[in-house]
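Comments concern the structure below.
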Amino acid sequence: MSDATAEAAPPEATIQPVDAETPFQRFVSEFLDSKVATAAFLFLLAIIALAIFAPWITPQNPYDLAQVDVLDGRLAPGSEAFAGYTMWLGSDGAGRDLYSAILYGLRISLSVGVTSGLIALVIGMAVGLLAAYTGGRTENVIMRIVDLQLSFPAALVALMLIAILGKGVDKIILALVVAQWAYYARTVRASALVERHKEYVEAAACLGISHARIVFRHIMPNCLAPLIVVGTVQTASAISLEATLSFLGVGMPQTSPSLGVLIANGFEYMLSGRYWISVFPGVALLVTVVSINLVGDHLRDVLNPRLNTGGGK
Amino acid sequence: MSAPLLEIRNVSKRFVRRLDLAGKIASRLGAGVSEETVHAVDNVSFSIAKGEVVGLVGESGCGKSTLGRVVAGIHKPTEGQVFFEGQDVAALTGARKREATLAIQMIFQDPFASLNPRMRVEDIIGEAPVYHGLTTRAGAASYVDEIMTKVGLDPSLKKRYPHQFSGGQRQRIGIARALAVKPKFLVCDEAIAALDVSIQAQVINLFMDLREEFDLTYLFISHDLSVVEHIADRVVIMYLGRVVESAGTENVFERPVHPYTSALLAEAPRLDQRKRAFVPIKGEIPSPLEPPHGCHFHPRCPHAVPECSADPPALETVRTDHVAACHLRGRFV
């Protein structure tokens, strides 16, 4: 290297922005700017913690028949159970403590929602990346299937599938995945199309890097931001969809009752004044879904401006 | 002149916008929708000798970037061949193909879009050499340090992300990424156009230093005649997908033959012409969707004769190492 370059470089180095933050750190600080979203996020963390630690913080395992006493059935909130503890949220028709039943129900609702969301995300991402990268006929076929899928209401697709497959946890998850993968595929394809034509992808091709590596190391990481947003919102909608199916009696079986099953169980008592059996699981479902949606909405606000500037400042 | 390092022979690149299903139906029903073909590059041939710097000049939309991408192997030519070290690049396979791919690298115009925003500088520079086994995973750190020093970057910045650098530094990262695979030939696509003028000079100097150090050959694509005059040994002028004139830098600037070249030179700002009024080339560059018949330049040419709108002129030798495609062959001068 000649002297000219050696002398020329330093003045340029002094004007570069001193910005030690990683993109992730900036993302976190921007996310925490919104009080509502931060509160929703903390709420969500609390709900997840309650669901995970349910066996240690509930007085009863509501699905262990030895611990459930039918004589405790339909007790009002605040009554004392036969076993001696207080049922702060009352009990349902079979004598299960509602507080315990809701936490156990949350476990099932959340795990079904998250599992189906993750599977749908992986499938949708793979399909969307394939469509965007190959282009041409493959892309057309894939995207028309996606359009077809999205033109049916998700609940209808899930109902039809369960009618064909029958009941069971695995079938519910499958139905939710089928009802939702198309949203992910469309989102990923849109952002992958933008990234694919950027010069850094051309540079990678020029450097002789394989197609698979270009797709997974270069294009995919730059498509994750919108995917996280869609993933959050779609997980909330998977949880409500599962509750809807369960409420209609085609969802989770009685042996693994989600929040939707609990709401359905209490429905027959609503008119006799025993509101708590349906209302408390309903409130739990509402709070969960609203928290996830608030977090998702704010994630979209934080991540979107960066999309427009291609991940820059 | 020695045997050419790179030769392109009758290369054409056409982009066709195919009709989708709705378009096909509309066209059947007589809606006048048809496939659109852009002749981005139209039957271009030239060769570049080892160690040479060739400037490729033209207005935006004339196909110079597309030609650069064909040379760099990013686009496949619709017709014609690219020969590197005497071998047809498209016919190579396996290790030989990889060798040719790595030997021709490209420096891009936009220093923001050309670096992956989610990768650290060390990964951007080090990915390809590790992938191709030019260095080991363990040796990558010192390999990257060495290349960063060569392009005038501080190796201690290698853990940073591209957005933490200025435009000039990003362009140096792009150059380091290309150099990391030990290329012999660099295609610089408007590589300094997006930079501040003060930084432009530094990057040009860097290019010239690297040329000596690594024995590089350049295809330097630019719309800036003053830059090309400064660094190029030979200049190729393109207009609407075709080469209109090609000659040694001195011949092009002192004795241009094609009216388009003269017009470009007349409009280039120069210190000794500060007081004269600028007369832009009349009209707009025509749409490459429907290029004019005959010589593409005739609707804007001040010297056009009837022959110009009838037949496209072929490239003819005017003097040693100087070809131009004009029916008038400089008689108007």
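Those protein sequence lines, which keep their order, are chains X and E.
Going by the numbering used here, the first residue of the first sequence is number 2, and it counts up by one from there.
Going by the numbering used here, the first residue of the second sequence is number 1072, and it counts up by one from there.
Beta carbons: idealized from backbone N, C-alpha and C, even for Gly.
Rounded straight-line distance, which links the Cα of residue j to that of residue i
| i | j | result |
| --- | --- | --- |
| X:D171 | X:I215 | 34 Å |
| E:D1159 | E:V1315 | 25 Å |
| X:V123 | X:P154 | 21 Å |
| X:L166 | X:M253 | 13 Å |
| X:D98 | X:R190 | 47 Å |
| E:S1293 | E:A1264 | 8 Å |
| E:F1086 | E:T1108 | 6 Å |
| E:P1075 | E:C1379 | 33 Å |
| X:V19 | E:Y1232 | Low per-residue confidence applies at X:V19: pLDDT is 46, beneath 50, and the placement is therefore not dependable, though the value from the model is reported in the following sentence. Near 12 Å, if we compare the C-alpha coordinates of E:Y1232 and X:V19. |
| E:R1400 | E:P1226 | 54 Å |
| E:V1128 | E:V1299 | 8 Å |
| X:N309 | E:T1207 | Note that X:N309 scores a pLDDT of 42, beneath 50, so its modelled location is shaky and nothing firm can be said. |
| E:D1392 | E:F1117 | 11 Å |
| X:A193 | X:L228 | 11 Å |
| X:F32 | E:K1168 | 48 Å |
| E:C1397 | E:V1328 | 8 Å |
| X:A47 | X:A40 | 10 Å |
| X:W182 | X:L160 | 16 Å |
| X:Y270 | X:L162 | 30 Å |
| E:E1338 | E:E1387 | 25 Å |
| E:K1230 | X:K199 | 23 Å |
| X:I278 | X:G85 | 20 Å |
Neighbour list for residue i in chain E, Cβ cutoff strictly below 7 Å
| i | result |
| --- | --- |
| X:A206 | I1145 |
| X:Y201 | A1184, S1185, L1186 and N1187 |
| X:P227 | Within chain E, no residue comes near X:P227; the closest Cβ sits about 14 Å away, beyond 7 Å. |
| X:P222 | R1189 |
| X:H219 | N1187 |
Helix, strand or coil at residue i according to DSSP, with G and I counted as helix
| i | result |
| --- | --- |
| X:M88 | strand |
| X:T315 | Residue 315 of chain X lies beyond the stretch modelled for chain X, which goes from 2 to 314, so this question has no answer here. |
| X:P78 | coil |
| E:I1145 | coil |
| X:T188 | helix |
| X:A155 | helix |
| E:L1257 | strand |
| X:Y64 | coil |
| X:S259 | coil |
| E:G1223 | coil |
| X:I174 | helix |
| E:R1099 | helix |
| E:Q1158 | strand |
| X:F217 | helix |
| X:D73 | helix |
| X:F54 | coil |
| E:D1304 | coil |
| E:P1384 | coil |
| X:L228 | helix |
Beta-carbon neighbours of residue i, restricted to chain X and to distances below 9 Å
| i | result |
| --- | --- |
| E:A1334 | Going along chain X, no residue has its Cβ under 9 Å from E:A1334, so there is no contact; the nearest lies around 31 Å. |
| E:D1181 | K199 and E200 |
Start and end residues, alpha helix (DSSP H) containing residue i
| i | result |
| --- | --- |
| E:R1140 | K1135 to V1142 |
| X:L272 | No alpha helix (DSSP H) contains X:L272, which DSSP labels as neither H nor E. |
| E:Y1202 | V1192 to Y1202 |
| X:M221 | X:M221 -> no alpha helix (DSSP H), and no H or E assigned at all. |
| E:N1276 | V1268 to F1285 |
| E:G1245 | G1238 to L1250 |
Contact under 9 Å by Cβ, residue i with residue j
| i | j | result |
| --- | --- | --- |
| E:A1262 | E:F1155 | no |
| E:L1090 | E:V1112 | no |
| E:G1151 | E:R1080 | yes |
| E:D1304 | E:V1115 | no |
| X:G346 | X:T236 | Residue 346 of chain X falls outside the range modelled here, since chain X spans only 2 to 314, and no answer is possible. |
| E:K1253 | E:F1291 | no |
| X:L208 | E:E1106 | no |
| E:I1195 | E:R1248 | yes |
| X:I143 | X:P258 | no |
Opening and closing residue of the beta strand (DSSP E) in which residue i lies
| i | result |
| --- | --- |
| E:L1077 | P1075 to R1088 |
| E:A1318 | R1313 to G1319 |
| X:T116 | It is not in any beta strand (DSSP E) - X:T116 instead sits in the alpha helix (DSSP H) that spans L99 to T135. |
| E:T1332 | Careful: E:T1332 lies outside any beta strand (DSSP E), inside the alpha helix (DSSP H) at P1330 to E1338. |
| E:G1126 | V1124 to V1128 |
| X:V251 | Segment: none, X:V251 is in no beta strand (DSSP E) and carries neither H nor E. |
Neighbouring residues, chain X, relative to residue i (Cβ below 7 Å)
| i | result |
| --- | --- |
| E:Y1202 | I210 |
| E:R1248 | A204 |
| E:T1172 | G209 |
Interface flag, residue i vs chain A, CB-CB below 9 Å
| i | result |
| --- | --- |
| E:R1402 | The structure shown contains no chain A; its protein chains are X and E. |
Cross-chain neighbours of residue i in chain X, by beta carbon under 8 Å
| i | result |
| --- | --- |
| E:D1286 | Simply none; closest approach about 15 Å. |
| E:V1252 | L208 and G209 |
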